[in-house]
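There are 2 protein chains.
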Amino acid sequence: MNPEQAYQELLQRARERALISSVNSVLGWDQEVNMPPKGAAWRAEQSAYLSGLAHSKATAPEINELLLSVEESDLVDDPLSDVAVNVREWRRGYDRATKLPTEFVEEFARTASLAQHVWAEARAKSDFSLYAPKLSELIELTRRKADYFGYEDQPYDALLDEFEPGEKTENVKRLFEGLRAELVPFLQSIVNAPKQPDFSIVEDRDYPVERQRILGEMASAAYGLDYASARLDVSTHPFSTNFGPGDQRITTRFDPRNFGDSFFSILHETGHALYEQNLPVEFFGTPRGDAVSLGIHESQSRTWENLVGRSRAFWRHFFPITRQMFPQTLADVSLDDFHFAINAVKPGFIRVDADEVTYNLHIMLRFEIEQAIINEDLPVEEIPGVWNELFKAYLGLDVPEDRLGVLQDIHWSFGAIGYFPTYALGNLYGAQFFAQARKDLPDLDASFAAGDFAPLLNWLREHIHQHGMRYRAQALVQVTTGQPLSHKPLMSYLKEKYSKLYELA
Amino acid sequence: MNPEQAYQELLQRARERALISSVNSVLGWDQEVNMPPKGAAWRAEQSAYLSGLAHSKATAPEINELLLSVEESDLVDDPLSDVAVNVREWRRGYDRATKLPTEFVEEFARTASLAQHVWAEARAKSDFSLYAPKLSELIELTRRKADYFGYEDQPYDALLDEFEPGEKTENVKRLFEGLRAELVPFLQSIVNAPKQPDFSIVEDRDYPVERQRILGEMASAAYGLDYASARLDVSTHPFSTNFGPGDQRITTRFDPRNFGDSFFSILHETGHALYEQNLPVEFFGTPRGDAVSLGIHESQSRTWENLVGRSRAFWRHFFPITRQMFPQTLADVSLDDFHFAINAVKPGFIRVDADEVTYNLHIMLRFEIEQAIINEDLPVEEIPGVWNELFKAYLGLDVPEDRLGVLQDIHWSFGAIGYFPTYALGNLYGAQFFAQARKDLPDLDASFAAGDFAPLLNWLREHIHQHGMRYRAQALVQVTTGQPLSHKPLMSYLKEKYSKLYELA
Numbered sequence: 036m037n038p039e040q041a042y043q044e045l046l047q048r049a050r051e052r053a054l055i056s057s058v059n060s061v062l063g064w065d066q067e068v069n070m071p072p073k074g075a076a077w078r079a080e081q082s083a084y085l086s087g088l089a090h091s092k093a094t095a096p097e098i099n100e101l102l103l104s105v106e107e108s109d110l111v112d113d114p115l116s117d118v119a120v121n122v123r124e125w126r127r128g129y130d131r132a133t134k135l136p137t138e139f140v141e142e143f144a145r146t147a148s149l150a151q152h153v154w155a156e157a158r159a160k161s162d163f164s165l166y167a168p169k170l171s172e173l174i175e176l177t178r179r180k181a182d183y184f185g186y187e188d189q190p191y192d193a194l195l196d197e198f199e200p201g202e203k204t205e206n207v208k209r210l211f212e213g214l215r216a217e218l219v220p221f222l223q224s225i226v227n228a229p230k231q232p233d234f235s236i237v238e239d240r241d242y243p244v245e246r247q248r249i250l251g252e253m254a255s256a257a258y259g260l261d262y263a264s265a266r267l268d269v270s271t272h273p274f275s276t277n278f279g280p281g282d283q284r285i286t287t288r289f290d291p292r293n294f295g296d297s298f299f300s301i302l303h304e305t306g307h308a309l310y311e312q313n314l315p316v317e318f319f320g321t322p323r324g325d326a327v328s329l330g331i332h333e334s335q336s337r338t339w340e341n342l343v344g345r346s347r348a349f350w351r352h353f354f355p356i357t358r359q360m361f362p363q364t365l366a367d368v369s370l371d372d373f374h375f376a377i378n379a380v381k382p383g384f385i386r387v388d389a390d391e392v393t394y395n396l397h398i399m400l401r402f403e404i405e406q407a408i409i410n411e412d413l414p415v416e417e418i419p420g421v422w423n424e425l426f427k428a429y430l431g432l433d434v435p436e437d438r439l440g441v442l443q444d445i446h447w448s449f450g451a452i453g454y455f456p457t458y459a460l461g462n463l464y465g466a467q468f469f470a471q472a473r474k475d476l477p478d479l480d481a482s483f484a485a486g487d488f489a490p491l492l493n494w495l496r497e498h499i500h501q502h503g504m505r506y507r508a509q510a511l512v513q514v515t516t517g518q519p520l521s522h523k524p525l526m527s528y529l530k531e532k533y534s535k536l537y538e539l540a
Numbered sequence: 036m037n038p039e040q041a042y043q044e045l046l047q048r049a050r051e052r053a054l055i056s057s058v059n060s061v062l063g064w065d066q067e068v069n070m071p072p073k074g075a076a077w078r079a080e081q082s083a084y085l086s087g088l089a090h091s092k093a094t095a096p097e098i099n100e101l102l103l104s105v106e107e108s109d110l111v112d113d114p115l116s117d118v119a120v121n122v123r124e125w126r127r128g129y130d131r132a133t134k135l136p137t138e139f140v141e142e143f144a145r146t147a148s149l150a151q152h153v154w155a156e157a158r159a160k161s162d163f164s165l166y167a168p169k170l171s172e173l174i175e176l177t178r179r180k181a182d183y184f185g186y187e188d189q190p191y192d193a194l195l196d197e198f199e200p201g202e203k204t205e206n207v208k209r210l211f212e213g214l215r216a217e218l219v220p221f222l223q224s225i226v227n228a229p230k231q232p233d234f235s236i237v238e239d240r241d242y243p244v245e246r247q248r249i250l251g252e253m254a255s256a257a258y259g260l261d262y263a264s265a266r267l268d269v270s271t272h273p274f275s276t277n278f279g280p281g282d283q284r285i286t287t288r289f290d291p292r293n294f295g296d297s298f299f300s301i302l303h304e305t306g307h308a309l310y311e312q313n314l315p316v317e318f319f320g321t322p323r324g325d326a327v328s329l330g331i332h333e334s335q336s337r338t339w340e341n342l343v344g345r346s347r348a349f350w351r352h353f354f355p356i357t358r359q360m361f362p363q364t365l366a367d368v369s370l371d372d373f374h375f376a377i378n379a380v381k382p383g384f385i386r387v388d389a390d391e392v393t394y395n396l397h398i399m400l401r402f403e404i405e406q407a408i409i410n411e412d413l414p415v416e417e418i419p420g421v422w423n424e425l426f427k428a429y430l431g432l433d434v435p436e437d438r439l440g441v442l443q444d445i446h447w448s449f450g451a452i453g454y455f456p457t458y459a460l461g462n463l464y465g466a467q468f469f470a471q472a473r474k475d476l477p478d479l480d481a482s483f484a485a486g487d488f489a490p491l492l493n494w495l496r497e498h499i500h501q502h503g504m505r506y507r508a509q510a511l512v513q514v515t516t517g518q519p520l521s522h523k524p525l526m527s528y529l530k531e532k533y534s535k536l537y538e539l540a
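If you're matching them up, the sequences are chains A and B in order.
Numbering of the first sequence is given in our numbering, commencing with residue 36 and proceeding in unit increments.
Numbering of the second sequence is given in our numbering, commencing with residue 36 and proceeding in unit increments.
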């Protein structure tokens, strides 16, 4: 088979994997949005069957031969060509998928499945000791996973690379340390500021659910989400998923007394869906048409949720509409008060409830602990103590119980160690891209204030979406902004915005 | 491989096919209930991929060898044993699936896909001539399909057998002729009766949609539908589907001025779902745990929709609740008037809107035409004329245009010739089973009037559901009622009920 034929065959196989995994996305979405409780057991069988099918397709030995045929040809001479990008990522995927022995994958899946049940029980009882033995097993398996994958500097690199290809522990450490050095004192000055928002305006007044839904759909449509190829539904935890070209699904949850809980989760998931909707559809199912990484995905969601959705310019347009939607609720509320309320900074225990300023501190703490677990053999029973100590140092609070501390997140229980940093990286990437967009488009605020978000979406399409996986995240930020990733754009943004809101010196 | 091992391997393969086809059911349901319009193209790819996968699994040559191994053993000595039932139906499925050459299957699918578009356009324009050429092609392909399948007496047998295993054209003809001889004059006496219902009570008053939904769910739950393993949603055309153990989905549509449209479609789909929920779950994914046929399935839906749901006893319980639900709308309406209104007999052009008395006449007409097309070479261009002539003879109406006549149904356009008779067979089976249940349970009306439907559901479980495919339909009715299928139980039921309602002599 000549290289051109081999490449066509690889495209065909990629399409088949995309079909299988997109069907599995339908099953996963239905499970969270619709499935009656007694359907869970068979649904697990359906998903496991498709996952097994996808895995066997992804590890077929013929793939290696086909890849070698193209890799040794001149088809990949230009490393940024469509062919070279696809082959680079297929190679990475094939090598990673075949590095883990099947028995290991099965043992990992079994342990993680059990660990999730144990974790849920331990969290309900706020008792870490119930969880510790299973977590130990998972950590041991995760270390073995890192060994299977291999690494140059430290085992944690191998884990990080799974979620954020090409990223290095040392680089993340450097970024986080730079950010933390400025963020911790800045947070203190906010907490101590005499001027504080009345956040009860948005967290404890009447916001009828049907009206919240309409406003959320209006805002996401204004962002550019095409509802002829998208749906908004309700689930316990908001998420977004892609069923394939022309079908993106986002979810939220509604609290009739809390405005922000649904509104900002809709904007967040809209950011994810806009990325998926604007990836080049002609390359769907191949790396060239796929998202770069979890970090870059999160940069899109956080941009639309925070950098745009919590901006003064956005609310100059949307506050009058919001007041029309909730006339009694907001009769006595000014734009200034509303904007301050939705940007209230409140150090708290729970990551998913955290504001823009404190959020990254929650991530840094998890990153520190994950490194210590994987690279330095931190004993499992010492994790809660380290957690609480770091929490005091970063956020200034004493954790009263493990339910509000080390037991709050599901991630470790399904074996996803190395995932958390991508949330903070997303914030950093988002801020750095956004700063560049502001330079390129000086009238951005005026367009937001006029309800026009097309200039920003077009900029993101041109500089990020259209590339698919052409560039790894580290290269993409360099190409787009002329600089490597830095904590400075985010810190500048936070300082400017929150100094004004809190009237800091 | 010994026969026992071969059987275990066949079970494993059946489970895999059940996984694949149940996943395809999820895709199909989502397509009708949720999918945004731009998702259609990729969804078609996903479904086609799974259908192809299922077909290749169903026609694997190893299946033949495995079946032979069991068929030649003493495992199938008792033809009603679980093993023998499964092997009998697997053999049937394998032989049928492998009788059609792959190229033929593809040509059929392609032609049917095009024909559906052409049909939709022809119906919109009410112009049969647009549809005739494609319908000719499909008929020609369907004749070839009958030849591939093979038959003893006439080609139409091969088609009928696809939807109603073991059924014969001559038998259906005999049943339909017996029914029609009594039904046509009976319908005339109803139409000419001086007493007529005020059906505007249920077809042209205010029935707020949310309340319709609640009442529909209450009634289906009272029937025994377990909403911990079921959901009710909205789609253009009501349907029911099975995602696997513990997950049945039914749909309806709501018209805020029409009570019966949603209420009786909910009861109808509940009947289908109750059958699925009460099949023996330990045999799920094998014939022993599967529904007998389309006709038997329809017998369950029509029983709960009509024989129970339009009975006086049912409404003695549900009318007070319904009036509480719609107090203004039904303030001036008595139980008698309401019950008469939901049982109004109105000869009309559209099959899916037909009442209990006229429905089967719509089917007979289609059955006559299908036989003429397949067995007697009726030219396509003569179909509308024959349709209109038979319609006048059976229902006494002149069809004003093809949109209301020969173009109304989608079935032929996807190549489903031989399907329609199962609807009427369902009515006949349902009435014959129900007459037997009444004999076995003399207090049935009293239990309905008390809102207790468990005695009937338990009877259906014991006599029908628990058997899965142990008996073919023709044997099941013999075993359950001691008689072969006859038109008499249905005709007796109709005569007794409608003579009373319309005060016929």
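Ideal placement from N, C-alpha and C gives every residue a C-beta, glycine not left out.
Enclosing beta strand (DSSP E) for residue i [first to last residue]
| i | result |
| --- | --- |
| N341(A) | Careful: N341(A) lies outside any beta strand (DSSP E) and carries neither H nor E. |
Whole-angstrom distance between residue j and residue i, CA atom to CA atom
| i | j | result |
| --- | --- | --- |
| F354(A) | V219(A) | 31 Å |
| A89(A) | S108(B) | 37 Å |
| A228(A) | D239(A) | 23 Å |
| P419(A) | S300(B) | 56 Å |
| I409(B) | P490(B) | 44 Å |
| D113(A) | R123(A) | 12 Å |
| P477(A) | A484(A) | 13 Å |
| Y454(B) | Y84(A) | 32 Å |
Chain B contact residues for residue i, given Cβ-Cβ distances below 9 Å
| i | result |
| --- | --- |
| P72(A) | A263, S264 and G281 |
| L267(A) | In chain order: nothing, as chain B lies at least about 11 Å away. |
Within chain B, partners of residue i - CB distance below 8 Å
| i | result |
| --- | --- |
| N293(A) | Here the premise fails: no neighbours, minimum Cβ distance about 24 Å. |
| D65(A) | V61 and D65 |
Run of the alpha helix (DSSP H) containing residue i, from where it starts to where it stops
| i | result |
| --- | --- |
| R50(A) | P38 to V68 |
| A540(A) | Note, A540(A): premise wrong, no alpha helix (DSSP H); not H, not E. |
| V269(B) | Note, V269(B): premise wrong, no alpha helix (DSSP H); beta strand (DSSP E) at A265 to V269. |
Amino acids of chain B, ordered along the chain, whose beta-carbon sits closer than 7 Å to that of residue i
| i | result |
| --- | --- |
| N277(A) | Result: empty, since nearest Cβ-Cβ is about 10 Å, beyond 7 Å. |
Cβ neighbour criterion (16 or more within 10 Å) applied to residue i
| i | result |
| --- | --- |
| V514(B) | exposed |
| M504(B) | buried |
| E245(B) | exposed |
| Q223(A) | exposed |
| Q283(B) | buried |
| E424(B) | exposed |
| M36(A) | exposed |
| I499(A) | buried |
| R292(B) | exposed |
| S297(B) | buried |
Determine contact between the stretch 382-396 of chain B and the stretch 255-262 of chain B, defined as no fewer than three beta-carbon pairs at a distance below 8 Å. no
Taking 8 Å as the cut-off, does the stretch 117-127 of chain B touch the stretch 94-108 of chain B (at least 3 CB pairs, one atom from each stretch)? yes
For the 8 Å Cβ check, are there 3 or more pairs between the stretch 174-183 of chain A and the stretch 152-162 of chain A? no
For the pair the stretch 45-52 of chain B and the stretch 316-324 of chain B, tell me if three or more CB-CB distances fall below 8 Å. yes
Would you be able to state if there are at least three C-beta pairs under 8 Å between the stretch 426-445 of chain A and the stretch 366-379 of chain A? no
Are the stretch 459-474 of chain B and the stretch 323-336 of chain B in contact at 8 Å, needing three or more beta carbon pairs? yes
On the three-pair Cβ rule with 8 Å, is the stretch 134-146 of chain A touching the stretch 204-212 of chain A? No, because fewer than three Cβ pairs between the stretch 134-146 of chain A and the stretch 204-212 of chain A fall closer than 8 Å, the two stretches do not touch.
Should the stretch 447-463 of chain A be regarded as contacting the stretch 303-316 of chain A, the criterion being three or more beta carbon pairs within less than 8 Å? no
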